[in-house]
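Numbering (this note's numbering), first residue to last: 235 to 330. Ideal Cβ positions, reconstructed from N, Cα and C, are used throughout, including at glycine.
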Amino acid sequence: MDCRQWLDIKQYEFLMNWFMRQQRQLGLADLDEPYSYDGYSQYDQIFQQLIKAAEIAFIERFGEPVPPIVYTNLFHLAELELAGKRAKLKAPKTLQ
C-alpha cells in the first residue's frame, strides 16, 4: 500500500526514519523467534508499542492523526529497508 495519498514527503520521511531508528534501538531484526502475530510474542509486543508511540510522535510533530494503516505499513517498510529488501517505488506518472 502506498501511503503517499495520506502523507506529504516530510511526514513520510519522519515516520520511516522514526520507525527505522526505533527498530534498530530495540534490536527488532535480532529477535530469535517466529513472527506469531497472535499478540503474545515479543515481536508482537514491540510492534504494538511502536505503533502507539509512533501515533503520539506523529501527532506531536504534525498536529494531526493519519489512518492507522499508515503506521502499520511504514513499520513494515522500515523493516524491509533495514533488511535491504525494500522494492523501489515508481514515481506517479504526473511526476515523470
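Asked, Found
"Separation of PHE292 from PRO299, as counted between CA atoms", "7 Å"
"Closest residue to PHE309 among ARG255, GLN239, ILE243 (Cα-Cα distance)", "ARG255"
"Cβ-Cβ distance between THR306 and ILE280 below 8 Å", "no"
"Alpha carbon of GLY318 to alpha carbon of ASP264, nearest angstrom", "15 Å"
"Whether LEU314 touches ARG258 by CB criterion (8 Å)", "no"
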